[in-house]
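Reading through the structure tokens given below for one structure.
2 protein chains.
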Amino acid sequence: MARTQGSHSDITGPRIRKAALHLFARYGYAAVSMRQIAKEVGVQAGALYNYTPDKQSLLHRLMREHMQDLLAALDALDSCDDAEDALRQFIGFHIRFHLQRPDEVFIAYMELRNLSPENFAEIEDLRRQYENVLESILDTGQQAGHFAISDTKIATLAVIAMLNGVMTWYRSGGRLSLDEVEEIYWKMVHKAVTV
Amino acid sequence: MARTQGSHSDITGPRIRKAALHLFARYGYAAVSMRQIAKEVGVQAGALYNYTPDKQSLLHRLMREHMQDLLAALDALDSCDDAEDALRQFIGFHIRFHLQRPDEVFIAYMELRNLSPENFAEIEDLRRQYENVLESILDTGQQAGHFAISDTKIATLAVIAMLNGVMTWYRSGGRLSLDEVEEIYWKMVHKAVTV
DNA sequence: ACAGTATATGAACAGATGTTCATATAGAAC
DNA sequence: GTTCTATATGAACATCTGTTCATATACTGT
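For the record, the sequence lines run as chains D and U. Everything in the first sequence is counted per this note's numbering, starting at 196 for the first residue and increasing by one. Everything in the second sequence is counted per this note's numbering, starting at 196 for the first residue and increasing by one.
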């Protein structure tokens with residue numbers, strides 16, 4: 196056999212990335228073979244190389260696109276003049292965006308060490324950009340006298356780490372609604388950064 | 196050749212676990228081969244099987260021993276009557292214990308999905324025990340009227356997630372001393388859980 | 001209908017994988 | 001010194017690894 200009926204790069208390409216995303220998130224990049232990805236797509240392993248130069252690039256692309264989507268979505272929010280409003284908005288955005296993309300989040304977090312040095316540097320830069328947005332919010336509130344934070348750099352990392360914790364336990368249809376989760380975290384974070 | 200000079204299970208055993216710990220933390224369980232571990236120890240791959248029935252058991256043992264050490268160390272602390280004292284003590288303990296064992300912590304966190312179902316259940320149980328200690332502290336303080344927490348279960352996970360964030364950025368000899376880090380996190384957590 | 005291009009197959013590559021085992025030597029006990 | 005056991009070797013097993021490539025078929029434009 197050779198080219199199959201209905202085959203199209205517009206279809207196969209996304210399907211490959213979706214399968215890779217799913218498998219990488221579930222078993223880890225190193226534990227997943229190109230043949231497993233191909234099998235999930237319903238294709239032979241060789242066909243994958245029409246869509247990625249190698250396995251590493253497949254991982255890198257998934258992570259890069261995720262981080263770019265994250266930054267674009269954050270950028271699309273209405274801007275808030277008040278730091279407290281901005282912080283609340285950030286918390287809600289972070290929780291909702293990440294809960295909608297559990298696989299991407301998991302990979303972006305767990306597979307950093309499987310990136311080549313150049314690819315790693317690029318992803319780290321995107322991550323830093325995201326953190327900087329929160330840090331600016333905390334800085335602004337601090338200078339306006341609304342917040343009382345010992346160290347805004349650390350507070351930034353602490354808040355993000357805390358919010359990321361949600362991904363490990365939240366299940367939709369569970370005890371708490373998304374609104375409730377958002378409210379609980381907002382209360383905790385707000386108290387933590389306020390005088 | 197066969198048995199080598201100076202060979203002893205009391206020496207080789209720990210060296211194998213140390214090498215596995217180091218390599219698993221650095222490259223991930225799936226990405227590390229038995230031959231790599233053997234090479235780091237200075238031995239042939241076959242010799243590893245005098246010390247572990249298989250690769251999976253090697254990972255499991257490392258994780259189990261780490262969690263048991265953690266629980267034992269926590270248990271050895273002086274007990275505090277006051278919930279605020281207990282919380283502060285817990286925060287300091289968590290940060291210091293985990294920073295002393297970065298490889299173990301990393302593995303216990305990242306390699307859960309590479310455990311067999313039975314092994315996973317065992318490690319999860321130990322983790323739960325640890326979380327329960329913090330949850331009791333929060334419950335006690337809540338009932339005594341010192342804390343104002345919407346949901347102690349979530350607050351427990353939030354605090355631990357926040358503290359775990361320290362492992363990703365703290366470097367000894369860096370900008371902040373351990374005492375300073377502890378103080379900053381204590382302030383944030385204390386404010387977050389207080390009225 | 002035909003030519004050109006896009007997209008797949010499937011075999012092949014060299015090497016790595018976890019694990020087993022017959023065998024050999026080192027150390028311990030008497 | 002002899003016997004027994006603990007501890008290693010190194011070859012072998014079948015299978016899997018990422019990647020390449022000649023080839024064949026499906027689609028696209030004329």
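Yeah, the Cβ is synthetic: ideal placement off N, Cα and C, and Gly gets one too. Note that the structure is predicted; figures quoted are calculated from it, not measured.
Proximity below 8 Å, CB of residue i to CB of residue j
i        : j        : result
D/Tyr325 : D/Leu272 : no
U/Val384 : U/Leu282 : yes
U/Asn359 : U/Tyr224 : no
U/Ser311 : U/Gln251 : yes
D/Met362 : D/His255 : no
U/Arg210 : U/Val236 : yes
U/Leu329 : U/Thr351 : yes
D/Tyr244 : D/Gly208 : no
D/Ala278 : D/Thr335 : yes
U/Ala144 : U/Ile332 : With chain U running from 196 to 390 in the structure shown, residue 144 of chain U is simply not present.
D/Leu373 : D/Arg291 : yes
D/Ile344 : D/Gln338 : no
For residue i, the residue or residues it bridges with in DSSP
i        : result
U/Thr389 : U/Phe342
Cutoff 8 Å: residue i Cβ touching any chain D Cβ
i        : result
U/Ser228 : no
U/Ser345 : yes
U/Arg323 : no
U/Leu352 : yes
U/Lys191 : In the structure displayed, chain U extends from 196 to 390; residue 191 of chain U sits before or after that span and is not available.
U/Asn314 : no
U/Ile302 : no
U/Ile286 : no
Identity of the residue in the options nearest residue i by Cα
i        : options                                   : result
D/Glu378 : D/His289, D/Ser331 and D/Ala350           : D/His289
U/Gly340 : U/Glu306, U/Glu330, U/Val388 and U/Leu329 : U/Val388
U/Gln284 : U/Lys386, U/Val390 and U/Trp381           : U/Trp381
U/Ala214 : U/Gly368, U/Thr335, U/Glu299 and U/Gln200 : U/Glu299
D/Asp280 : D/Trp364, D/Leu307, D/Pro248 and D/Phe342 : D/Phe342
Nearest-angstrom beta carbon gap, residue j and residue i [assumed within contact, 8 Å]
i        : j        : result
U/Ile318 : U/Met258 : 5 Å
D/Arg230 : D/Ala240 : 5 Å
U/Met357 : D/Ala353 : 5 Å
U/Ile232 : U/Leu218 : 6 Å
Interface flag, residue i vs chain U, CB-CB below 8 Å
i        : result
D/Met258 : no
D/Tyr244 : no
D/Ala215 : no
D/Ala387 : yes
D/Asn327 : no
D/Arg308 : yes
Heavy atom of the ligand FMN within 7 Å of residue i beta-carbon
i        : result
U/Leu352 : The model depicted lacks the ligand FMN and carries no ligand whatsoever.
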